[in-house]
Each structure stands twice: as C-alpha cells, then as structure tokens.
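Numbering (the working numbering), first residue to last: 1 to 55. Ideal Cβ placement from N, Cα and C applies to all residues, glycine included. Below you'll find the structure, written out as structure tokens, and then a few comments.
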Ligand SMILES: [Zn+2]
C-alpha cells in the first residue's frame, strides 16, 4: 500500500472526505461515469476507485 499515488475515492471515503470536505468529494463523484465493483461507489474517473467498472 502506497500513499504516494493518487488516493482512490474508496480511500477518501474511508477517511470521511465526504464529511470533512463535501465539495471536494462531490467533485470526485460528478458526473459519475464509473462505479467500483469492490465497494459500490460511483466516481467521475475510473482511476478514482479500486475496481472500476463503466456505468
Ligand atoms: Zn473501491
């Protein structure tokens, strides 16, 4: 596990980005074009989730 690479949305949610910085979180998920097969989250970019699948 490396924190040097861009953090995934999944990782950000674990750290409660959606509570700490809702605007930053919203920017990551809108407009959602992918979802994470691993955690079920939706994201604007495939690289923002751990197991991206197209919506
Ligand atoms: Zn995930």
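Classification of residue i by the beta-carbon crowding that lies within 10 angstroms, buried from 16 upward
i          : result
residue 55 : exposed
residue 26 : exposed
residue 33 : exposed
residue 24 : exposed
residue 22 : exposed
residue 52 : buried
Range of the contiguous alpha helix (DSSP H) that encloses residue i
i          : result
residue 22 : 22-29
residue 10 : 9-14
Sequence-distant residues of its chain with Cβ nearer than 8 Å to residue i (five each side left out)
i          : result
residue 19 : none
The beta strand (DSSP E) enclosing residue i, as first and last residue numbers
i          : result
residue 36 : 34-36
residue 53 : 52-54
Cβ-based neighbour list, residue i, same chain, cut-off 7 Å, excluding 5 preceding and 5 following
i          : result
residue 13 : 41
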